[in-house]
DNA sequence: ACTCTCACG
DNA sequence: ACGTACGTGAGAGTT
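Numbering (my numbering), first residue to last: 436 to 1184.
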């Protein structure tokens, strides 16, 4: 698709540096086919970080690039295959100057030996944009702003929206909904008219909540909220808005087929109005996600832009209309791609489960965090003073730029061998650890960073996000955010709460249950390696998991040829690093870096590993093979990840796609499995009428808030359901732990 | 809005 | 000859 760039896109840089002219002129001047020049221009400036020393296409120009790559073909190869991001940067930098044309290209005035005369200037013309080509390219590259500009130039689709319909229309409309023509709906901002601001302090929130007596999710404001609105659509271009109350029964009816974009949000919005929602058959956000999991956004406006070439103006009726229109294009694609079962069995039923988890939230002890904050504040100041004393200057330690200046210019510490690709000298932890051997400051900075990070990201941030009504922390799970099928968590992100350092774990102690309750954590033990054993059918690996032995120790024994009883800690940790790296498509370089050993040695380890686990080696190769053939990979449950770069002639892009090809079936299947477990556990909790709340999912772990009286039952239930989600060639193992907070979870069998 | 850094699985 | 594990989200600094 990037070939489109060759044929259709013209990037016009600022006029004083560049000119446009017709293709024949370019060919004449540069002696290369004119359509090639366009790609080179797209790599202008700082974005060419893969060519050390290259001054930027704009200066010494295409000629230098072509020389370095050896041929025009090789140059273009690089240009065309370069990452999306590079394109995005270079194009957006020139946003105002972008033209679209089939007949025009740009060249640079500063190309050595090229003299752009006035006569050439005279040949400059502005061509008509090739809208269709641009639309395809911008969609692919997720240039949503540009896409929007483009779409506005096209005809608006015909629409007939009725505001404030009478109740007769509504009854008529509802009666016509069928499985083939479901009722598409969209909800207005149900919190409109409700105070949105957060409390000044958690204490204040507590007082507010106590005085009001009840704990609604949204606080009542001075002005009563507007009656919530809903938009309904059965036919493209037509939609009706009305008060949600008018369709209360229809929303709750499981037999009235409905379609909505983002059912989880709809469920939560309605739940706050004490409204039921049933009969949702289609969630266009989830359809879009399953079809294109690598797109970063699946919001209604973005999906409408991508799939309908329609930039929404933002109205409620319009949203319902678009949801309906999207169905027509999404549903056939879902069937064609074989995604129906992942949708039906996993994604759609998961949405209400996630809604309940978000609504439940988690409790944190703000007093604990408050005390940690005071302590960290003090420690940070002391650490900073020490750094200033040892370095002889005061500066902003948080600024990588200033820090690099101090370390590498003032203190003259050795710069790392391979640093930045034309960028700033890195001050990342990895680099500072190296420097810590020769100077105090790098070590102090590392310590300062740990304190500062924990304070700003967790200790100070979390209490501010406590909901004033529930007095709990409510994350939002993004169900359509990752390329592999995992969830992500934001606002706050509760999937990256510290655990690896002692100080970090302190923060976990602030995550607590309500009185008379306990926290239960259940995590899948080595699920990705077990899946690797299942997929590869490697006999040794399957055997090891059936024996339920120390898996890393077993690997060490195999790879290093010693008896399991004689495996040292050192050997075990090396084996662990190998096991850790395999699902990521590890390389000798990566392993060497991870273990701090020679690359040669790492390569030997990998060879030894593959000799012992030939089944794994073969599966990795077979998976890459299959990916090359299909240009996509699938999880055990059929979730798809497209791999457009798998056959790229660009080494970097291809290698990346190959690692993705082996990682996604593992990471993605693990995600499918825990999602299924969540659905079954939630369903069983409801069926038994238990008070236990599932509150968090952290990729391979589930967290529950459990009444003491239910503990024994829940332990059995959770383990049973998680371990038996699916039968594989190896057992799935779940570790359980219970505690009075998220830090002091006691693991138990 | 982007870069760098770093928290997690 | 190339660059190097996979997947995320957030805060602070810089532009």
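Every residue, glycine too, gets a C-beta built ideally from N, C-alpha and C.
Relative to the alpha-carbon of residue i, which residue among the options has its alpha-carbon at the smallest distance?
| i | options | result |
| --- | --- | --- |
| residue 754 | 620, 859, 929 | 620 |
| residue 1054 | 1103, 1035, 972, 1133 | 972 |
| residue 804 | 757, 895, 697, 781 | 895 |
| residue 845 | 829, 852, 1183 | 829 |
| residue 819 | 801, 838, 807 | 838 |
| residue 1019 | 766, 1097, 1068 | 1097 |
| residue 940 | 885, 984, 982 | 885 |
| residue 1144 | 953, 616, 836 | 953 |
| residue 1000 | 985, 883, 1157 | 985 |
| residue 784 | 1110, 1161, 1157 | 1110 |
| residue 1171 | 957, 733, 810 | 957 |
| residue 777 | 1124, 1138, 936, 1104 | 1104 |
| residue 917 | 1012, 615, 996, 728 | 728 |
Within 10 Å of its beta-carbon, does residue i have 16 or more other beta-carbons around it, so buried, or fewer, so exposed?
| i | result |
| --- | --- |
| residue 961 | buried |
| residue 1024 | exposed |
| residue 880 | buried |
| residue 668 | buried |
| residue 723 | buried |
| residue 1113 | buried |
| residue 1099 | buried |
| residue 959 | buried |
| residue 1031 | exposed |
| residue 993 | buried |
| residue 738 | buried |
| residue 1165 | buried |
| residue 526 | Confidence at residue 526 is low in this model, with a pLDDT of 39, below 50, so the placement of that residue is unreliable and no value is reported for it. |
| residue 476 | Only weak support exists for where residue 476 lies, its pLDDT of 36 falling under 50; the value from the coordinates is given anyway. That one is buried. |
| residue 1086 | exposed |
| residue 422 | Residue 422 lies beyond the range of the chain shown here (436 to 1184); nothing can be said about it. |
| residue 1076 | buried |
Suppose you measure from the CA of residue i to the CA of residue j; what does that come to, to the nearest Å?
| i | j | result |
| --- | --- | --- |
| residue 705 | residue 711 | 7 angstroms |
| residue 1060 | residue 977 | 23 angstroms |
| residue 873 | residue 1066 | 49 angstroms |
| residue 423 | residue 949 | In the structure as shown, the chain starts at 436 and stops at 1184, and residue 423 therefore has no counterpart that could be examined. |
| residue 988 | residue 979 | 10 angstroms |
| residue 1009 | residue 708 | 55 angstroms |
| residue 1130 | residue 1136 | 11 angstroms |
| residue 998 | residue 975 | 15 angstroms |
| residue 1074 | residue 812 | 46 angstroms |
| residue 914 | residue 1035 | 42 angstroms |
| residue 834 | residue 860 | 12 angstroms |
| residue 1064 | residue 773 | 17 angstroms |
| residue 562 | residue 746 | With a pLDDT of only 39 at residue 562, under 50, the local geometry of the prediction cannot be trusted, and no value is derived from it. |
| residue 730 | residue 822 | 43 angstroms |
| residue 682 | residue 1150 | 41 angstroms |
| residue 694 | residue 725 | 16 angstroms |
| residue 412 | residue 809 | The displayed coordinates of the chain run from 436 to 1184. Any statement about residue 412 would go beyond what the structure contains. |
| residue 789 | residue 924 | 11 angstroms |
Can you tell me the Cβ-Cβ gap for residue i and residue j, rounded? I've got them flagged as a contact below 8 angstroms.
| i | j | result |
| --- | --- | --- |
| residue 1119 | residue 1146 | Wrong, their Cβ atoms sit about 15 angstroms apart, outside the cutoff. |
| residue 761 | residue 740 | No, residue 761 and residue 740 are not in contact; Cβ-Cβ is about 11 angstroms, not under 8 angstroms. |
| residue 1026 | residue 1037 | 4 angstroms |
| residue 955 | residue 1141 | 5 angstroms |
| residue 794 | residue 703 | 6 angstroms |
If the criterion is Cβ atoms closer than 8 angstroms, does the pair residue i and residue j meet it?
| i | j | result |
| --- | --- | --- |
| residue 947 | residue 798 | yes |
| residue 692 | residue 622 | no |
| residue 1163 | residue 1051 | no |
| residue 1070 | residue 920 | yes |
| residue 608 | residue 675 | yes |
| residue 698 | residue 718 | yes |
| residue 910 | residue 898 | no |
| residue 688 | residue 714 | yes |
| residue 825 | residue 866 | no |
| residue 677 | residue 769 | no |
| residue 781 | residue 1179 | no |
| residue 878 | residue 1177 | no |
| residue 932 | residue 893 | yes |
| residue 1092 | residue 1080 | yes |
| residue 1167 | residue 935 | no |
| residue 757 | residue 735 | yes |
For residue i, is the beta carbon positioned less than 7 angstroms from some heavy atom of the ligand FMN?
| i | result |
| --- | --- |
| residue 966 | Judged by which ligands are present, the structure shown has none, so any question about the ligand FMN falls away. |
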